[in-house]
Every structure is written in structure tokens, then in C-alpha cells.
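Below is one structure, written out as C-alpha cells; comments come after it.
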């Protein structure tokens, strides 16, 4: 499903509404993230040392790198809301880094819509239970409740019992 109407969002509460494409986490990506965040801890950027000194057998992605990929996972895996004019990241609750993502692994996001409610005349606040899976691993990389805001033109607000 590539597109959904604003009025149909409420009927999707409790359902998985999206699953992203797989994303490769290579050393170059980890290094670029380290440069951007100034986090050059050896477990992320020094494959030789990480292979010897870390329990992971090599480098791992930063937890915040994995978390930041939720934006692209959302874009590739979630249906677009037809009336949306802009989307805003409102924040996270209960972010948990469950398993390290080893460099060279692929990850993807799964999104379950757990809540939605109108706020004002032109916003829909949505909460997703997000799981970032690691390919061929039993435990996820992370879980979180992600709160977003869908901005839309007030004239497009549905006349429903959810108002």
C-alpha cells in the first residue's frame, strides 16, 4: 500500500502499517556517522582493535546511527498519507538498544501504529511501536515508541467521530 487517506488512519491502529527495505550498515556509513557526531570510540571505527578487544568480533554501528535510520525506514516502508503537507518528528518514548548491529549487517524497520489523535485543526499525532530488525538475528537492534505529527490543511480534516 503506497498511500492511505487521513480518514483511514484510525482504522489501522493496532496493525503493522509498514516495513522498510533492508539497509546495509557498512564501515563507511559508521565512519561517516562517527565523524558527524564526534563519537570515534574504537568499537565503531577501528576494525582491527574491535576484533581483538571487543566482545563483538569487530566494529558495531552506533546505537544512535541505528535510531537515526528510522527516518529513511519510514520513507521506504510506510504508506504516505494523501492529505499530509508535512511530517514532523515529535520524539521517542522507551527507546531500547536491544542488540548491537555488527558492521556488514543489514537492518530494517517494522512499524505498528499504536495510537493516533487529532491535535488542533491541522495535526494528527501518531505513535508507532517501532522495531529495527537485524537480518538473520533473533533479537532486534532496537525498539521504541516513536511519536510523529502529520500536518495537513485544516480543510482536509475528516468529519469523523475521532474529531
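Numbering (full-length UniProt numbering), first residue to last: 1 to 163.
Glycine residues also receive a C-beta, built at the ideal position from the N, C-alpha and C atoms.
Computed from a prediction, not measured in an experiment: that's the story for all the values here.
Which of the three DSSP states, helix, strand or coil, is assigned to residue 73? helix
Just to confirm the assignment, what range does the alpha helix (DSSP H) spanning residue 52 have? 47-53
Where residue 159 sits in the DSSP three-state scheme: coil
If distances are taken between C-alpha atoms only, which option among 58, 107, 52, 79 comes closest to residue 69? 107
Where does the unbroken alpha helix (DSSP H) through residue 63 begin, and where does it stop? 63-68
So the alpha helix (DSSP H) residue 151 belongs to, where does it begin and stop? That residue, residue 151, is in no alpha helix (DSSP H); its beta strand (DSSP E) goes 142-152.
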